[in-house]
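Asks: Chains as they are written, first to last, in the working numbering: chain B, 1 to 210; chain D, 211 to 420.
Backbone N, C-alpha and C define an ideal beta-carbon position, used for all residues, glycine too.
This structure is a prediction, so every number in the text was calculated from the model and none was measured.
Mind having a look at this structure? Questions to follow.
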DNA sequence: TAGATTGTTAATCGATTAACAATC
DNA sequence: TAGATTGTTAATCGATTAACAATC
């Protein structure tokens, strides 16, 4: 029951369960089962029940899970009931796409500051936000009490940005830069690298398809 | 030695090794060791040697691995020595960011066609490509002999697009839409969902940081 | 040669799943 | 009640790692 004992692989699946429940709720469904969730995700029902059992008992024998209730429980476990403020570094094509993607908002995240070092971009308005000078990173992050950041700068600048973020007090980083960041162990990090995904699929393609 | 027996989790790590070797080569390094690769990636040297041993013997006792040689071997294993043609569906903010990202090119992929259903976008020039009408999806994919696609359309349209892609002969899909696609088992799929990554990090953040 | 590092085996560790009592 | 589904235990399965001979 100590959170430290819960395998990370279990934590990584919880957002998938939450996302599935959100979709079901959006379609007006009120009750589901571990089997139904599993079918949607390609995961066994046993695994879903086992994963949830790390945190408590959320279902009823014979009937399954109340979707609204389980959603709220998962939101609380993942700490996404409240909205988190997020800083975005990089206002290039990728940064702008991140900024305009509505999924963050729905997932419990609000990008409240965007930074770039390019003078051409600084001061430019993107949606509700004005691009800030990266020189103000520390100041703004501290002022707003932000502890999550998204890195959307070129690989060559990512480590430097990460260092500045850690220095400003950031505790979780989502990085789109295709290289591993050197970070203190108390800072969470996840990477998004589409090329890695593609390259592990081409392994399975038959040679005649090239 | 039968490819079918190699665990998928091993295949998923190979692109990381390749990426690391690429970075080393770019810095002019010519030789490395399993320990050095492991340190960069946060993976044990034993695991790297074990993973590579599924495919052959690529190193020399006492000296390690020739970077150029191991790179080329990994490229061949992953089938990314040749350039793959890729179709991109969706020319919104995300699609444009994907199109302008140079990492695909470097990873062995060339986006050779981009589609959208929005008449406002069809015909527009993005970099070297003109946005095509999604009605021409089947025709163009067959003509060009494309077998990999990237989905960058809203979640509500992703399944429909996926069905059309499968119908056109696509064998591998990278989807940015935050939901699981229903696909034939002979079609590879990988998902990119940044919110999932963020939500599994917030679990570990201490509540006072909210 | 001595030191370094590989490739591989066997042991360990951890995750998944089968089975089932409990109960709605 | 009978059927369905949960939560949990124990068994199985698979991945990681420790140890080491081989050898550059």
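Looking only at its own chain, which residues have a Cβ that is under 7 angstroms from the Cβ of residue 81 of chain B, when we skip the five neighbours before and after it?
Replies: 75
Asks: Would you mind reading off the limits of the beta strand (DSSP E) that contains residue 257 of chain D?
Replies: From DSSP, residue 257 of chain D is part of no beta strand (DSSP E) but of the alpha helix (DSSP H) over 255 to 263.
Asks: Identify the continuous beta strand (DSSP E) that holds residue 235 of chain D and give its terminal residues.
Replies: For residue 235 of chain D, there is no enclosing beta strand (DSSP E); the residue is found in the alpha helix (DSSP H) stretching over 218 to 236.
Asks: Who are the neighbours of residue 217 of chain D on chain B, taking C-beta pairs under 8 angstroms?
Replies: None at all; the shortest Cβ gap to chain B is about 12 angstroms.
Asks: For residue 212 of chain D, count neighbouring Cβ atoms within 10 angstroms of its own Cβ and tell me buried if that reaches 16, exposed if not.
Replies: Note that residue 212 of chain D scores 44 on pLDDT, short of 50, meaning its location in the model is unreliable and no value can be drawn from it.
Asks: Are residue 351 of chain D and residue 380 of chain D close, meaning C-beta to C-beta below 8 angstroms?
Replies: yes
Asks: Start and end of the alpha helix (DSSP H) containing residue 312 of chain D?
Replies: No alpha helix (DSSP H) contains residue 312 of chain D, which DSSP labels as neither H nor E.
Asks: What three-state label does DSSP hand residue 186 of chain B in the structure shown?
Replies: coil
Asks: If we call anything under 8 angstroms between Cβ atoms a contact, is residue 173 of chain B one with residue 195 of chain B?
Replies: no
Asks: Tell me where the alpha helix (DSSP H) around residue 279 of chain D begins and ends.
Replies: First-last of the alpha helix (DSSP H) with residue 279 of chain D: 277 to 288.
Asks: Starting from the beta carbon of residue 80 of chain B, find every residue of chain D whose beta carbon is closer than 7 angstroms, and list them in chain order.
Replies: 409 and 412
Asks: Could you check whether residue 360 of chain D and residue 368 of chain D sit closer than 8 angstroms to each other, using their CB atoms as the reference points?
Replies: no
Asks: Going straight from the alpha carbon of residue 343 of chain D to that of residue 356 of chain D, what length do you get?
Replies: 17 angstroms
Asks: Beta carbon of residue 93 of chain B, beta carbon of residue 222 of chain D: below 8 angstroms?
Replies: no
Asks: If you reduce the DSSP assignment to three classes, tell me which class residue 114 of chain B lands in.
Replies: Looking at residue 114 of chain B - three-state DSSP - the assignment turns out to be strand.
Asks: Starting from the C-beta of residue 213 of chain B, find all residues in its chain whose C-beta is less than 8 angstroms away, skip the five residues before and the five after it, and write them out in chain order.
Replies: With chain B covering 1 to 210 only, the question about residue 213 of chain B has no answer from this structure.
Asks: Checking contacts by CB at 8 angstroms: is residue 109 of chain B closer than that to chain D?
Replies: yes
Asks: Use the C-beta contact count for residue 254 of chain D: other C-beta atoms within 10 angstroms, 16 or more gives buried, fewer gives exposed.
Replies: exposed
Asks: Do you know whose CA, among B/52, B/42 and B/26, lies nearest residue 6 of chain B's CA?
Replies: Of the candidates B/52, B/42 and B/26, the one whose C-alpha sits nearest the C-alpha of residue 6 of chain B is B/52.
Asks: DSSP on residue 240 of chain D, reduced to helix/strand/coil?
Replies: coil
Asks: At a cut of 8 angstroms, does the segment 60 to 67 of chain B reach the segment 271 to 281 of chain D through at least three beta carbon pairs?
Replies: Short answer: they don't touch.
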